[in-house]
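There are 2 protein chains.
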Amino acid sequence: MELSWLEDFLTLSNTLNFSRAAELRNLTQPTFSRRIRNLENWLGVTLVDRGTFPASLTAEGRSFRKAAEETVHALYREREQCLQMAGGEASFQSFVTLHTIAVSFFPHWLHTLEGKLGPLRTRMTCATMNDCVENLVSGASNFMLFYAHPSAPLRLDPVQYPSLVVGKERLIPVSAPGRGRKPRHPLLGGGTKPTPYLRYARHTFITRLIDTIIAAQPKPPLLEVRHENALTLSLKVMTMEGHGLTWLPETSIKAELQAGSLVLAGPSEWSLAMEIRAYRSVQRGAREKERIWSLLHESAVD
Amino acid sequence: MELSWLEDFLTLSNTLNFSRAAELRNLTQPTFSRRIRNLENWLGVTLVDRGTFPASLTAEGRSFRKAAEETVHALYREREQCLQMAGGEASFQSFVTLHTIAVSFFPHWLHTLEGKLGPLRTRMTCATMNDCVENLVSGASNFMLFYAHPSAPLRLDPVQYPSLVVGKERLIPVSAPGRGRKPRHPLLGGGTKPTPYLRYARHTFITRLIDTIIAAQPKPPLLEVRHENALTLSLKVMTMEGHGLTWLPETSIKAELQAGSLVLAGPSEWSLAMEIRAYRSVQRGAREKERIWSLLHESAVD
DNA sequence: GCCGATGATGCAGATTTTGCATAGGGCATG
DNA sequence: CATGCCCTATGCAAAATCTGCATCATCGGC
């Protein structure tokens, strides 16, 4: 019996869809199916009724779900506990977030945190949206930092996983400068020639946000996707090199905007203001974790 | 992370000896070592201090042991629960015992049980001594039936695993009949020629008992091992066929003794009276399980 | 009736696990 | 100090398992 089977089952019990769950777990659908079946075989009972649409949990499945949840959490919590013990007093606090936030927001934020709490030993995991959530839910990380915007809510129970606003961010369209500090690749007014566009990889969180921005406008801009990439940092360099236009978190390009190596590529309606939120599990943790959280509470931006 | 790693670790934390624990878990020592290391890698901490003698648990190990124990039990209990649910009202009660007891004692005993409780749906697992204990401890079976004798106590905490005497048994030396209903292969008085002896497989529980019998005598008998076998039933047939002398549980050969196809092969000092005990975990279980246990309490032999 | 979506299955390749043989380290004994 | 014993770790090849791809079977919706 594998821990990952339990996690698979939990994911499935949320989506009630094998293919979707498989994707969330970074597995192919056949593999996922088989792993669920492995779990069922080990138990000796059927957990999921595949005959209905959408699939549904059997009575045993509903009952086992609770136990699986507790078991998974208990194991990760215990692992964290062991690490804490091994690390001694100055134990590591674990964070998980997007690459972008890890680069643009976290380093500075950690400074302000440490300014109030004294030096912290931290561990950071960078991951995709789904993996961030998985990481938090499983207990593998104490805290998650994530963008928050009403147009793209996370699948996360706000009671089980309370959050606090810890910062603000704006997603703004930028380009390398052309003549006279004007954007070389303007979002609008480029005539009939489409503007080269550097896009975030599909199925990522930021793409969902950018799609929201575009969908909110009366006229879609004339863009031609020239490049696709999941790393903000990479897109930023591509943009500075003049490959095209992209949206970037404002904080991550403050210096470049001032220096003029990047310029705003469109009016403010094409920007998106969002929050940066810190999430935690309601499960109580080590003293240090609680200390951090209560500080965040005090200093929360609202 | 594998459930079996947790079980490995629990076994190790009991024996504090990799080789011994590996044997108990039916693994080779290298494999066992690696699995413990896998667990440690997953946790990110060292659980066992190999530097001491005997090996000892680290602080993290001691802490994790509790969690591991709970997790293992929770999972097996939950599995049992699921099976119960799936089986409906008339769920199966699971027993584990030695092959011998399953054949000699259980069938009759179950009748008396059912006489009082009504028909039961039962499941029986036959296993070796170690596996029987594993089975009970892990929660894979509700009840264990086992021989009990002071000379060979089980490694089982009597508080965690209370037991009741449910029957009596005698291990007696028997042989096929020779002339005039005398044993063809007598235990004693065979002159200088050794008596052919059919022995139980080494490392089994019954062998430990028989060794006790022999060790308790002033003079060791003159025996020559002709055959070794872990199955009572098989030894019984071998004995009836006249291959030699062996010790068998009296109940399993009642009919044969009456019919004269087997005869006592030695005086009564060479027999061993023992109890048959039913064990359970203190963990509360399903209603049916509790019903059975309370009946056993009433009807316990003492 | 056809289409898109969903879950199951056959199969080959890749990964992981296992046991055997053996190395290396510590401890007691002569 | 040498020797032998007991313990755990490691190299390696065979075996078992897991995974992904391609494909099939089924079902609901238009």
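If you read the protein sequences in the order shown, they are chains W and L.
Terminal number for the first sequence in our numbering: 1610, no gaps in between.
Terminal number for the second sequence in our numbering: 1610, no gaps in between.
For glycine and all other residues, C-beta sits at the position ideal for the given N, C-alpha and C.
Closest Cα partner of residue i within the set the options
i: glycine 1497(L); options: Thr1339(L), Leu1320(L), Asn1334(L), Gly1574(L); result: Gly1574(L)
i: tyrosine 1508(W); options: Arg1487(W), Arg1463(W), Trp1555(W); result: Trp1555(W)
i: glutamate 1558(W); options: Asp1519(W), Glu1378(W), Ser1576(W); result: Ser1576(W)
i: phenylalanine 1513(W); options: Asn1537(W), Gln1566(W), Ala1524(W); result: Asn1537(W)
i: leucine 1530(L); options: Leu1543(L), Ser1560(L), Gly1499(L); result: Gly1499(L)
i: threonine 1430(L); options: Leu1418(L), Val1441(L), Cys1440(L); result: Leu1418(L)
As assigned by DSSP and simplified to three states, the class of residue i
i: proline 1415(L); result: helix
i: tyrosine 1508(W); result: strand
i: glycine 1369(L); result: helix
i: leucine 1570(W); result: coil
i: glycine 1488(W); result: helix
i: valine 1583(L); result: Looking at the sequence itself, residue 1583(L) is glutamate, so the reference to valine does not match. DSSP places glutamate 1583(L) in strand when its eight states are reduced to three.
i: serine 1459(W); result: coil
i: glutamate 1477(W); result: strand
i: leucine 1531(W); result: strand
i: valine 1356(W); result: strand
i: arginine 1588(W); result: strand
i: methionine 1432(W); result: strand
i: glutamate 1422(W); result: helix
i: phenylalanine 1361(W); result: coil
i: threonine 1323(L); result: helix
i: glutamate 1558(W); result: helix
i: leucine 1453(W); result: strand
i: asparagine 1537(W); result: strand
Residue i at chain L interface by Cβ criterion, 7 Å
i: methionine 1309(W); result: yes
i: alanine 1375(W); result: yes
i: glycine 1359(W); result: no
i: phenylalanine 1317(W); result: no
i: tryptophan 1313(W); result: no
i: methionine 1432(W); result: no
i: leucine 1351(W); result: yes
i: leucine 1391(W); result: yes
i: phenylalanine 1326(W); result: no
i: phenylalanine 1400(W); result: no
i: alanine 1594(W); result: no
i: alanine 1581(W); result: no
i: alanine 1435(W); result: no
i: cysteine 1456(W); result: For the record, residue 1456(W) in the displayed sequence is alanine; it is not cysteine. Taking Cβ atoms only, chain L never reaches closer than 7 Å to alanine 1456(W), which makes this a no.
Chain W contact for residue i (CB, 7 Å cutoff)
i: threonine 1379(L); result: yes
i: glycine 1475(L); result: no
i: alanine 1448(L); result: no
i: glutamate 1397(L); result: Legend: pLDDT at glutamate 1397(L) = 43, less than 50; position of this residue unreliable, value from coordinates given subsequently. Output row for glutamate 1397(L): interface = no.
i: arginine 1387(L); result: yes
i: phenylalanine 1340(L); result: no
i: alanine 1484(L); result: no
i: phenylalanine 1372(L); result: yes
i: glutamate 1368(L); result: yes
i: alanine 1382(L); result: yes
i: alanine 1363(L); result: no
Pair within 7 Å by beta-carbon distance, residue i and residue j
i: leucine 1314(W); j: alanine 1376(W); result: yes
i: glycine 1552(W); j: tyrosine 1505(W); result: yes
i: valine 1473(W); j: glutamate 1583(W); result: yes
i: tyrosine 1587(L); j: methionine 1452(L); result: yes
i: leucine 1603(L); j: leucine 1425(L); result: yes
i: serine 1412(W); j: arginine 1585(W); result: no
i: phenylalanine 1361(L); j: phenylalanine 1340(L); result: no
i: leucine 1517(W); j: alanine 1460(W); result: yes
i: threonine 1379(L); j: alanine 1382(W); result: yes
i: valine 1482(L); j: serine 1449(L); result: no
i: phenylalanine 1372(W); j: glutamate 1386(L); result: yes
i: leucine 1479(W); j: leucine 1580(W); result: yes
Beta-carbon contacts of residue i that lie in its chain and below 7 Å, excluding the five residues immediately before and after
i: alanine 1410(W); result: Met1432, Cys1434
i: glycine 1359(L); result: none
i: leucine 1495(L); result: Pro1481, Thr1503, Pro1529, Leu1553, Ala1573, Gly1574, Trp1578
Cβ-based neighbour list, residue i, same chain, cut-off 6 Å, excluding 5 preceding and 5 following
i: arginine 1343(L); result: Trp1313, Asp1316
i: threonine 1323(L); result: Ala1329
i: alanine 1594(W); result: Gln1392
i: proline 1491(L); result: Ser1483, Val1571, Ala1573
8 Å CB neighbourhood of residue i in its chain, flanking five on each side removed
i: methionine 1548(L); result: Ala1484, Glu1564, Ser1569, Leu1570
i: glutamine 1468(L); result: Ser1589, Val1590
i: glutamate 1368(L); result: Leu1351, Val1353, Thr1354, Leu1355
i: glutamate 1532(W); result: Pro1502, Thr1503, Pro1504, Tyr1505
i: threonine 1420(L); result: Ser1607
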